[in-house]
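Enquirer: Handing you this structure, nothing more for now.
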Amino acid sequence: MSAVALALADLVDDRTASPDGYVRLAVGADTWMALAEGCAAGHHDLGALWADDGRMCLALSAPSPGIRAIVSLETEGGRYPSVAARHLPALRLERAARDLYGLQPIGLPDTRPWLDHGRWPGRQSEARYEFLPVEGEGLHQIPVGPVHAGIIEPGHFRFTANGETVVRLEQRLGYVHKGVESLMAGAEIGQAARIIGRISGDSTVAYAWAFARAVEAALQWAPPPRALLLRGIMAELERLAHHINDVGAICNDASVLTIYARCTLQREDVLAVANACFGHRLMMDCVVPGGVAADLTPEGVGRIRGLMQRLEDTRAEVLRVYDSMPSLQDRTVTTGFVSCELARQYAAGGFVGRASGRAFDARKDFAYAPYDRVDFDLKVRQAGDVDARLMVRLDEIAESLRILSQLLGRLTPGAIRSDRPVTATVTGEGAALIEAFRGDVFVSVRFEADGRLARVHARDASWFQWPLLEAAIEGNIVADFPLCNKSFNCSYSGHDL
Amino acid sequence: MTGDLLVQFLAQGAQMTFVLLIAPLAVGVVRRVKARLMRRQGPPLLQGYFDLAKLLRKESVIAESASWLFRSAPYLIFALTWVAAALVPSFASGLMFNWAADVVALVALLGAARALLALAGMDVGTSFGGIGSSREMMIATLAEPAMMLIVLTLAIAAGTTRLAGVADFFLAEPFAVRVSLALSLVALVIVALAENARIPVDNPVTHLELTMVHEAMVLEYSGRHLALIEAASHLKLVLYISLLICLFAPFGMAPASAGVTGWLIGLAAWTAKLLFGAALLGLWEVSIAKMRVFRLPDFVGIAFVFGFLAILLAFLTRGVFA
Numbered sequence: 094m095s096a097v098a099l100a101l102a103d104l105v106d107d108r109t110a111s112p113d114g115y116v117r118l119a120v121g122a123d124t125w126m127a128l129a130e131g132c133a134a135g136h137h138d139l140g141a142l143w144a145d146d147g148r149m150c151l152a153l154s155a156p157s158p159g160i161r162a163i164v165s166l167e168t169e170g171g172r173y174p175s176v177a178a179r180h181l182p183a184l185r186l187e188r189a190a191r192d193l194y195g196l197q198p199i200g201l202p203d204t205r206p207w208l209d210h211g212r213w214p215g216r217q218s219e220a221r222y223e224f225l226p227v228e229g230e231g232l233h234q235i236p237v238g239p240v241h242a243g244i245i246e247p248g249h250f251r252f253t254a255n256g257e258t259v260v261r262l263e264q265r266l267g268y269v270h271k272g273v274e275s276l277m278a279g280a281e282i283g284q285a286a287r288i289i290g291r292i293s294g295d296s297t298v299a300y301a302w303a304f305a306r307a308v309e310a311a312l313q314w315a316p317p318p319r320a321l322l323l324r325g326i327m328a329e330l331e332r333l334a335h336h337i338n339d340v341g342a343i344c345n346d347a348s349v350l351t352i353y354a355r356c357t358l359q360r361e362d363v364l365a366v367a368n369a370c371f372g373h374r375l376m377m378d379c380v381v382p383g384g385v386a387a388d389l390t391p392e393g394v395g396r397i398r399g400l401m402q403r404l405e406d407t408r409a410e411v412l413r414v415y416d417s418m419p420s421l422q423d424r425t426v427t428t429g430f431v432s433c434e435l436a437r438q439y440a441a442g443g444f445v446g447r448a449s450g451r452a453f454d455a456r457k458d459f460a461y462a463p464y465d466r467v468d469f470d471l472k473v474r475q476a477g478d479v480d481a482r483l484m485v486r487l488d489e490i491a492e493s494l495r496i497l498s499q500l501l502g503r504l505t506p507g508a509i510r511s512d513r514p515v516t517a518t519v520t521g522e523g524a525a526l527i528e529a530f531r532g533d534v535f536v537s538v539r540f541e542a543d544g545r546l547a548r549v550h551a552r553d554a555s556w557f558q559w560p561l562l563e564a565a566i567e568g569n570i571v572a573d574f575p576l577c578n579k580s581f582n583c584s585y586s587g588h589d590l
Numbered sequence: 118m119t120g121d122l123l124v125q126f127l128a129q130g131a132q133m134t135f136v137l138l139i140a141p142l143a144v145g146v147v148r149r150v151k152a153r154l155m156r157r158q159g160p161p162l163l164q165g166y167f168d169l170a171k172l173l174r175k176e177s178v179i180a181e182s183a184s185w186l187f188r189s190a191p192y193l194i195f196a197l198t199w200v201a202a203a204l205v206p207s208f209a210s211g212l213m214f215n216w217a218a219d220v221v222a223l224v225a226l227l228g229a230a231r232a233l234l235a236l237a238g239m240d241v242g243t244s245f246g247g248i249g250s251s252r253e254m255m256i257a258t259l260a261e262p263a264m265m266l267i268v269l270t271l272a273i274a275a276g277t278t279r280l281a282g283v284a285d286f287f288l289a290e291p292f293a294v295r296v297s298l299a300l301s302l303v304a305l306v307i308v309a310l311a312e313n314a315r316i317p318v319d320n321p322v323t324h325l326e327l328t329m330v331h332e333a334m335v336l337e338y339s340g341r342h343l344a345l346i347e348a349a350s351h352l353k354l355v356l357y358i359s360l361l362i363c364l365f366a367p368f369g370m371a372p373a374s375a376g377v378t379g380w381l382i383g384l385a386a387w388t389a390k391l392l393f394g395a396a397l398l399g400l401w402e403v404s405i406a407k408m409r410v411f412r413l414p415d416f417v418g419i420a421f422v423f424g425f426l427a428i429l430l431a432f433l434t435r436g437v438f439a
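Top line first, the protein sequences correspond to chains A and B.
The first sequence begins at 94 in this note's numbering and counts up by one.
The second sequence begins at 118 in this note's numbering and counts up by one.
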């Protein structure tokens with residue numbers, strides 16, 4: 094079956110979008126394949142792909158006309174035509190959906206399991222996993238992980254190297270699969286909000302916010318204006334803490350201990366301020382459907398303003414030291430190159446995409462409150478190397494500080510949480526895209542008639558960044574992998590679910 | 118005469134003991150300086166001793182695929198390095214076995230220890246051990262010839278390859294500033310950094326297996342075996358700092374004719390210089406990034422080129438100074 098590429102803009106045409114900004118369409122197999130072909134042709138980006146009650150759902154977006162759609166396809170006996178057959182970035186999503194929900198993609202280019210390692214109780218599956226064959230003279234394999242030397246999450250990396258040069262890297266993930274999605278199926282809203290905030294601890298605000306927005310869209314639940322501003326403040330604090338930490342960690346992998354020490358202290362400062370302001374260092378469970386759970390006192394505002402000055406100083410100092418250290422730049426410049434073409438194909442979000450020329454930021458392209466009324470710049474670089482990913486982070490720290498100061502200036506007294514509307518007509522479905530520090534987080538929810546959650550799907554930015562890491566390390570030397578990996582800083586937990 | 122011989126014997130024994138005892142302290146100073154520069158409190162200065170004591174008490178876990186080589190290598194490496202470190206004149210130049218302290222012998226002892234370590238790294242058959250051994254040998258092929266050139270330059274200047282003789286020569290002519298010596302100094306510092314697995318060649322504190330050189334080779338060691346290897350690497354650091362002191366800053370060292378008082382002064386001077394050297398190393402390590410593995414040949418190659426230039430200049434100017 095060969096389909097002609099179909100652009101999302103032509104399909105959506107003038108249909109009205111749901112309150113969450115997504116146009117919802119049920120399509121047939123032909124349109125499904127044409128849309129997959131359209132992804133490959135670059136007409137629109139693949140946002141997410143998940144199984145929901147025997148249907149396959151596909152979130153697509155085209156930022157330039159600003160349209161988003163969730164397209165669903167009824168499977169026939171649990172079988173559906175594979176998107177990955179036309180558009181490879183869907184490959185791991187389809188393998189994961191098959192492992193978790195048993196829906197079979199027809200024509201899937203790689204039929205090995207993904208999240209299922211053959212060790213789930215009460216389930217028969219093959220524990221043997223064949224890594225892709227590599228042939229050639231003088232090649233040797235280096236298995237790394239899943240248990241690593243540092244205190245990081247588990248994941249297996251299989252390097253095939255020729256001497257010191259990496260010929261291929263193959264990742265094996267899924268070691269931290271926790272069954273998050275099935276835990277949330279049938280859950281009450283409050284319980285699901287707590288679970289989703291724990292998918293990836295470093296993006297807990299972003300996940301909680303995405304979930305809250307999706308639920309609010311489905312229930313037509315409007316949070317008070319102060320709550321929206323506070324959500325923005327929390328999200329920017331989270332971004333600042335992890336960006337500055339990443340900058341330090343990248344430098345540490347090049348053994349530059351001074352920058353590492355400075356950045357670690359600065360991150361601690363941010364977390365301590367977050368704790369003082371909102372009662373939790375990572376601000377876990379602070380964003381809830383209907384608003385926020387913790388208010389910001391005037392002293393808290395003062396604390397954040399003081400922190401902003403210290404962050405500004407640290408940023409300037411780190412930038413000065415980084416610029417004056419050729420031995421460090423020698424490690425980062427040209428290392429771990431990701432081409433603009435690949436970043437576009439995989440619709441890579443966050444610093445990975447923005448360091449490779451993909452000018453996408455959910456806060457800008459699909460602006461949500463409070464970012465729709467905030468003035469900030471989208472900083473993009475073209476080089477696609479470790480240096481570019483580090484510099485994008487430093488750029489974003491400056492922009493986040495600008496955003497914070499505007500949000501703090503707009504704070505007016507008021508309620509921070511609204512009650513769930515009782516008479517609202519429930520559309521039953523909602524979705525949201527929130528910019529976490531790592532990239533865009535997508536969350537989709539569907540309600541049962543009794544008000545419980547039937548299905549919650551969360552897609553971390555890492556799904557489209559991990560495959561690019563495999564590409565980035567190719568042709569580099571083995572010893573540069575930690576540096577490349579740290580510059581991506583993908584989430585294991587957010588990916589393995 | 119017999120009493121004199123006994124004193125000489127004791128002095129030589131004291132030197133061997135001193136280098137062994139002070140080695141963990143020197144490493145402690147490096148770590149402490151680095152920690153302070155990173156605004157951390159850092160481990161106690163004596164942490165090196167505690168670590169060795171802990172490791173010696175612990176069980177040694179050995180891989181099933183390990184051969185006799187893996188088991189015996191730590192003892193041999195430790196012995197070879199200790200002998201080498203004890204040969205370098207520290208507080209006095211005219212000790213009993215100073216005739217044995219030949220620089221060529223020194224290079225040979227260290228080379229043997231390195232070969233054993235590289236073999237042990239590959240013995241268990243893990244990929245990290247192999248990577249470490251291969252990188253170590255790549256660095257060694259560049260560092261060892263550079264070391265030989267430096268040694269020969271000094272030998273030409275002093276007219277002997279005996280370290281004690283070279284030290285005596287520089288003690289006698291403290292102000293003989295020569296281009297060839299300056300070049301040798303730079304070259305020896307680079308070789309010392311490379312041989313001791315310090316930044317920018319290797320990072321001694323990293324946990325990233327893929328970037329390791331020295332640490333990758335010893336990943337499989339534990340317990341007393343690891344203690345011996347750690348002690349050997351501490352000794353190696355002392356050896357190279359001592360060597361730099363002995364050749365380029367020997368002031369305070371007791372000459373061959375000195376008695377016990379001279380030795381005590383020499384000991385104090387040597388200890389102070391050693392710890393100062395360790396502090397300098399800490400300062401250096403926080404001020405530079407680690408190099409890409411493929412840039413190492415350039416870096417260590419500089420040592421070779423400098424060594425070569427030094428020996429060339431030493432030859433050309435021999436007639437003038439000799």
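Glycine is no exception: its CB is placed at the ideal position from the N, C-alpha and C atoms.
Source: prediction; values computed, not measured.
Are the CB atoms of residue 119 of chain A and residue 165 of chain A within a distance shorter than 7 Å?
Expert: Cβ atoms of residue 165 of chain A and residue 119 of chain A: closer than 7 Å.
Enquirer: Is the beta carbon of residue 451 of chain A sitting closer than 7 Å to the one on residue 437 of chain A?
Expert: Closer than 7 Å, so yes.
Enquirer: When you compare the CB of residue 324 of chain B with every CB in chain A, is at least one pair closer than 7 Å?
Expert: Closer than 7 Å to some Cβ of chain A, the Cβ of residue 324 of chain B qualifies, so yes.
Enquirer: Any beta carbon of chain B sitting closer than 7 Å to that of residue 363 of chain A?
Expert: Not closer than 7 Å to any Cβ of chain B, the Cβ of residue 363 of chain A fails to qualify, so no.
Enquirer: Is any beta-carbon of chain B found at less than 7 Å from that of residue 577 of chain A?
Expert: False, the Cβ-Cβ gap to chain B never drops below 7 Å.
Enquirer: Check whether chain B comes within 7 Å of residue 243 of chain A, counting only Cβ atoms and requiring the distance to be less than that.
Expert: Output row for residue 243 of chain A: interface = yes.
Enquirer: Indicate the three-state DSSP secondary structure (helix, strand or coil) for residue 164 of chain A in the structure shown.
Expert: Correct three-state label for residue 164 of chain A: strand.
Enquirer: Measure from the C-beta of residue 354 of chain A to each C-beta in chain B and report whether the shortest distance is under 7 Å.
Expert: Yes, its Cβ sits closer than 7 Å to a Cβ of chain B.
Enquirer: I need the straight-line Cα distance from residue 505 of chain A to residue 319 of chain A, nearest angstrom please.
Expert: When rounded, the distance between both Cα atoms is 7 Å.
Enquirer: Which complete alpha helix (DSSP H) runs does the segment 349–377 of chain A hold, if anything under 4 residues is left out?
Expert: The qualifying runs are 350–371.
Enquirer: Relative to the C-alpha of residue 479 of chain A, which residue among A:444, A:372, A:560 is closest?
Expert: Minimum Cα distance to residue 479 of chain A is reached at A:444.
Enquirer: Quick one: which unbroken alpha helix (DSSP H) runs of 4-plus residues sit fully inside the segment 118–160 of chain A? Chain order, please.
Expert: 122–134, all fully within the segment 118–160 of chain A.
Enquirer: Can you have a look at residue 581 of chain A and say buried or exposed, based on whether 16 or more other CB atoms are within 10 angstroms of its CB?
Expert: Buried.
Enquirer: Where residue 588 of chain A and residue 556 of chain A are concerned, what is the direct C-alpha to C-alpha distance, given to the nearest angstrom?
Expert: Going from the Cα of residue 588 of chain A to the Cα of residue 556 of chain A covers about 6 Å.
Enquirer: Note down the Cα distance separating residue 442 of chain B from residue 392 of chain B, rounded to an integer number of angstroms.
Expert: Beyond the ends of chain B as shown, which are 118 and 439, falls residue 442 of chain B; an answer cannot be given.
Enquirer: The beta strand (DSSP E) with residue 258 of chain A in it runs from where to where?
Expert: Taken as a continuous stretch (DSSP letters only), the beta strand (DSSP E) holding residue 258 of chain A covers 258–265.
Enquirer: So which residues of chain A does residue 411 of chain B contact, with C-beta pairs closer than 8 Å?
Expert: In chain order: 257, 570.
Enquirer: Using a beta-carbon distance below 7 Å, is residue 382 of chain B in contact with chain A?
Expert: Chain A, which has no Cβ nearer than 7 Å to the Cβ of residue 382 of chain B, makes this no.
Enquirer: Distance check for residue 378 of chain B and residue 367 of chain B, CA to CA, integer angstroms please.
Expert: Distance between the alpha carbons of residue 367 of chain B and residue 378 of chain B is about 17 Å.
Enquirer: Throw me the rounded Cβ distance for the residue 421 of chain B and residue 408 of chain B pair, which I believe falls under 8 Å.
Expert: About 16 Å separates the two Cβ atoms, so there is no contact after all.
Enquirer: From B:126, B:326, B:138, pick the residue whose C-alpha is nearest to that of residue 349 of chain B; which is it?
Expert: When only C-alpha atoms are compared, the closest one is B:138.
Enquirer: At 3 residues or longer, what runs of the beta strand (DSSP E) sit wholly inside the segment 264–339 of chain B?
Expert: Runs of the beta strand (DSSP E) inside the segment 264–339 of chain B: none found.
Enquirer: Is DSSP giving residue 102 of chain A helix, strand or coil here?
Expert: Here residue 102 of chain A sits in helix by DSSP.
Enquirer: Taking its Cβ as the centre, do 16 or more other Cβ atoms sit within 10 Å of residue 387 of chain B, making it buried, or is it exposed?
Expert: Buried: at least 16 other Cβ atoms inside 10 Å.
Enquirer: In chain order, what residues of the same chain lie with their CB nearer than 7 Å to the CB of residue 88 of chain B, ignoring the 5 residues before and after it?
Expert: Residue 88 of chain B is absent from the structure shown; chain B starts at 118 and stops at 439.
Enquirer: Please list, in chain order, the residues of the segment 304–330 of chain B that have any C-beta partner in chain A closer than 8 Å.
Expert: The residues in question are 316, 317, 320, 323, 324, 325, 326, 327, 328.
Enquirer: What residues in the segment 151–167 of chain B have a beta carbon less than 8 Å from any beta carbon of chain A?
Expert: Flagged, chain order: 151, 154, 155, 156, 157.
Enquirer: Could you check whether the segment 201–219 of chain B touches the segment 132–147 of chain B, counting it as contact only if at least three pairs of C-beta atoms, one from each stretch, sit closer than 8 Å?
Expert: Yes, they touch.
Enquirer: Do the segment 161–177 of chain B and the segment 353–373 of chain A meet, that is, are 3 or more Cβ pairs less than 8 Å apart?
Expert: They do not touch, by the three-pair rule.
Enquirer: To which residues of the same chain is residue 265 of chain B closer than 7 Å at the C-beta, ignoring the five residues directly before and after it?
Expert: Cβ neighbours of residue 265 of chain B beyond the five flanking positions: 224.
Enquirer: Would you list, in sequence order, the uninterrupted alpha helix (DSSP H) runs of no fewer than 4 residues that lie entirely inside the segment 432–497 of chain A?
Expert: Complete alpha helix (DSSP H) runs here, min 4: 433–438, 443–447, 455–458.
Enquirer: Mind checking who residue 250 of chain A pairs with in its DSSP beta bridge?
Expert: DSSP lists A:237, A:264 as partners of residue 250 of chain A.
Enquirer: Run down chain A in chain order and give the residues with a C-beta less than 7 Å from the C-beta of residue 406 of chain B.
Expert: Ordered by position in chain A, the residues that pass the 7 Å Cβ test against residue 406 of chain B are 347, 348, 349, 418, 420, 421, 424.
Enquirer: On the DSSP letters alone, give me the boundaries of the alpha helix (DSSP H) that residue 298 of chain A sits inside.
Expert: It spans 297–312 - the alpha helix (DSSP H) in which residue 298 of chain A sits, taken as one unbroken run.
Enquirer: Which of the residues in the segment 232–248 of chain B, read from start to end, lie with their CB under 9 Å from any CB of chain A?
Expert: Listed in sequence order: 244, 245, 247, 248.
Enquirer: Are the C-beta of residue 221 of chain B and some C-beta of chain A separated by less than 7 Å?
Expert: No, its Cβ sits nowhere closer than 7 Å to a Cβ of chain A.
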